[in-house]
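S.K.:
Protein chains in written order, with our numbering: chain A, 4 to 256; chain B, 1037 to 1305.
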């Protein structure tokens, strides 16, 4: 049956398990294992390249050899389930959490999550930013009732470790990695206003405010939640900043 | 691709890997919009897996349809191969056995694809490193029957013919004689690498080198049999400077010109 042959061939490609396919193959035995190895190498190396492109910071932190071993383990246990490869690798951060050789780098899964949110933002739908002047037309007594639609590229992140700092000091243009205080939590967001992905660290109260607005709360409720966490939360400046960034695409009353 | 966004290089069309543009939005799509302003587009799929026993994925077809509607490609092509089994995607173009069962399967998948897209697709011959016990048809007879049953066109990859013939021991001239010439809508050329010798000799389809001399000869023979055809140089790994690529394209154009009659209009991309 065609299906059984194809299943056997997929096992060759992913894990180099050749036994089930060999009876189907006419090519002489002496030559076949090396030839099947070409399919395995093509599959594995191309998928390692996909992960490497999505997770350059993880690769830089752990080094090429470690990354290859990590990627190989991930690919054989979590092969792609669809052919659109820019969506492949979303499960890598959780996989790193369970990957014993990475246990002494506890910040690694969250840094990987940041890298994946950047990939998501890069490929997310385009949207036009809300024109701030339209908000000026809202009567003052109704401002608190505003609800926003947020950009499809917006991603919010909160971590017990300084993921944005770790990401930044591991960029290719940083040839000397400074000391990083790994006990310092960081929260922030990723956004792609036009064609370039940006990220910014924000205080936790701003993240709380953004999270509330993203889940459909009114501006008034979101602001109360932020103020409850930190009573110096500055609504005017924060709102102005996010209108300038293009965080919001539309508002409703 | 940024070279082509400006519209500067001389090329008849630009061929994309369809799946690279399956995103909802973002810079890649925007760049393709720019390229589209200067060149015709051809959508060359690597993920639909028309050889899969489990059939082609309806969502994948829908996304491909969206891409086709948006960029109106002159040609849409897929490979005679499979890469999906039990909903696992193997990122390689794996060959199918040339059996009646496989022919029925591939023909159904091609029918479904052409119906969903509302247009003909071209099916490309694969490069392969092995043959199957169960195969009862030659590759060219399989492709001929597929084209007859579905009305699909063929994308003849001359490098793949050469690589597969050297690896699996068939006659390239018989291949070209056996292919229905009218069905061939496009030709691909690419580089390959040679490993080992004697029994270990193996040609690997790398798309990472200049087109080899015997492939140029086979290309000339194909043009003499088929007449001029739009031709694309594939170079996906170790990509050289644009001048090197355009040099290969000029060589291909000289071959086309050598067989073109006054009405010949095929171009190289």
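Using N, Cα and C, we set each Cβ at its ideal position, and we do this for glycine too.
Closer than 9 Å by beta-carbon distance: list the chain A residues that pair up with residue 1083 of chain B, in chain order.
M.R.: 85, 86, 87, 88
S.K.: So the candidates are B:1144, B:1040, B:1293, B:1113; which of them puts its Cα closest to the Cα of residue 1193 of chain B?
M.R.: B:1113
S.K.: Identify whether residue 1307 of chain B lies in helix, strand or coil by the three-state DSSP scheme.
M.R.: As shown, chain B starts at 1037 and ends at 1305. That puts residue 1307 of chain B outside it, with no answer to give.
S.K.: Excluding the 5 residues preceding and the 5 following residue 1226 of chain B in the sequence, name in chain order all residues of the same chain whose CB lies nearer than 6 Å to its CB.
M.R.: 1195, 1243, 1270
S.K.: Using a Cβ-Cβ cut-off of less than 8 Å, list which residues of the stretch 23-49 of chain A approach chain B; keep chain order.
M.R.: 26, 27, 28, 29, 30, 31, 33, 34, 35, 37, 38, 39, 41, 42, 45, 46, 49
S.K.: For residue 1166 of chain B, would you say it is in contact with chain A, using Cβ-to-Cβ distances shorter than 9 Å as the test?
M.R.: yes
S.K.: May I ask you to verify whether the stretch 164-181 of chain A touches the stretch 189-207 of chain A, counting CB pairs closer than 8 Å and requiring at least 3?
M.R.: Result yes; three or more Cβ-Cβ pairs closer than 8 Å.
S.K.: Straight-line CA distance for residue 1260 of chain B to residue 1254 of chain B?
M.R.: 10 Å
S.K.: If you follow the beta strand (DSSP E) that residue 1049 of chain B is part of, which residue opens it and which one closes it?
M.R.: 1049-1053
S.K.: Could you tell me whether any Cβ in chain A is nearer than 9 Å to the Cβ of residue 1096 of chain B?
M.R.: yes
S.K.: Can you pull the chain B residues whose beta carbon is under 9 Å from the beta carbon of residue 125 of chain A, in chain order?
M.R.: 1059, 1062, 1063, 1064
S.K.: So, using beta-carbon positions, are residue 276 of chain A and residue 148 of chain A closer together than 9 Å?
M.R.: Given that chain A is displayed from residue 4 to residue 256, the structure contains no residue 276 of chain A and the question cannot be resolved.
S.K.: Just to confirm my understanding: we take residue 1127 of chain B, look at its own chain, exclude 5 residues before and 5 after, and list those with CB closer than 8 Å. What are they?
M.R.: 1119
S.K.: Below 9 Å on C-beta distance, what does residue 129 of chain A contact in chain B?
M.R.: 1060, 1061, 1062, 1065, 1066
S.K.: Whose C-alpha, out of A:127, A:11, A:226, A:19, is nearest the C-alpha of residue 75 of chain A?
M.R.: A:19
S.K.: Would residue 158 of chain A pass as an interface residue toward chain B - the criterion being a Cβ-Cβ separation below 9 Å?
M.R.: no
S.K.: Got a sec, what are the start and stop residues for the beta strand (DSSP E) residue 1292 of chain B sits in?
M.R.: Not the beta strand (DSSP E): residue 1292 of chain B falls in the alpha helix (DSSP H), residues 1278-1295.
S.K.: Just grab the DSSP bridge partners of residue 203 of chain A for me.
M.R.: Under DSSP, residue 203 of chain A takes part in a beta bridge, and its partners are A:192.
S.K.: Any contact of the stretch 126-140 of chain A with the stretch 1058-1069 of chain B, i.e. 3+ C-beta pairs under 8 Å?
M.R.: yes
S.K.: Residues in the same chain with beta-carbon distance under 6 Å from residue 94 of chain A, minus the five sequence neighbours each way, listed in chain order, please.
M.R.: Closer than 6 Å at the Cβ level, and outside the excluded window around residue 94 of chain A, lie 81.
S.K.: Report the partner residues of residue 1076 of chain B according to the DSSP bridge assignment.
M.R.: DSSP, once it has assigned bridges, lists B:1049 as partnering residue 1076 of chain B.
S.K.: Please list, in chain order, the residues of the stretch 1116-1140 of chain B that have any C-beta partner in chain A closer than 8 Å.
M.R.: 1118, 1119, 1120, 1121, 1122, 1123, 1124, 1125, 1126, 1127, 1128, 1130, 1132, 1133, 1135, 1137, 1138
S.K.: Look at residue 1140 of chain B and residue 1086 of chain B and say whether their C-beta atoms are less than 9 Å apart.
M.R.: Their beta carbons are not under 9 Å apart, which means residue 1140 of chain B does not touch residue 1086 of chain B by this criterion.
S.K.: List, in chain order, every chain B residue whose beta-carbon is nearer than 9 Å to that of residue 16 of chain A.
M.R.: 1119, 1126, 1127, 1128, 1130
S.K.: Which runs of the beta strand (DSSP E), 3 residues or longer, sit entirely within the stretch 1175-1262 of chain B?
M.R.: 1189-1193, 1220-1226, 1229-1231, 1238-1240
S.K.: For residue 10 of chain A, which residues in chain B fall below 8 Å Cβ to Cβ?
M.R.: 1121, 1122
S.K.: State yes or no: is the C-beta of residue 1199 of chain B within less than 9 Å of the C-beta of residue 1164 of chain B?
M.R.: yes
S.K.: According to the neighbour-count rule (16 or more other Cβ atoms, all chains shown, within 10 Å of its Cβ), is residue 62 of chain A buried or exposed?
M.R.: Classification for residue 62 of chain A: buried.
S.K.: In angstroms with no decimal places, state the Cα-to-Cα distance between residue 162 of chain A and residue 113 of chain A.
M.R.: 7 Å
S.K.: Which one or two residues does DSSP pair with residue 1115 of chain B in a beta bridge?
M.R.: B:1160
S.K.: Quick one: does residue 20 of chain A have its CB under 9 Å from some CB of chain B?
M.R.: no
S.K.: Residues of chain B with CB under 9 Å from residue 81 of chain A, in chain order?
M.R.: Here the premise fails: no neighbours, minimum Cβ distance about 10 Å.
S.K.: For residue 22 of chain A, count neighbouring Cβ atoms within 10 angstroms of its own Cβ and tell me buried if that reaches 16, exposed if not.
M.R.: Under this definition residue 22 of chain A is an exposed residue.
S.K.: Run through DSSP, which three-state label would residue 1104 of chain B get?
M.R.: Residue 1104 of chain B carries a helical assignment under DSSP once its states are collapsed to helix, strand and coil.
S.K.: Measuring only between beta-carbons, confirm whether residue 1298 of chain B sits less than 9 Å from chain A.
M.R.: In this prediction, residue 1298 of chain B has a pLDDT of 45, which is less than 50 and means its spatial position is unreliable; nothing more can be read from the coordinates.
S.K.: Quick check on the DSSP output: the beta strand (DSSP E) that includes residue 1129 of chain B runs from which residue to which?
M.R.: 1124-1130
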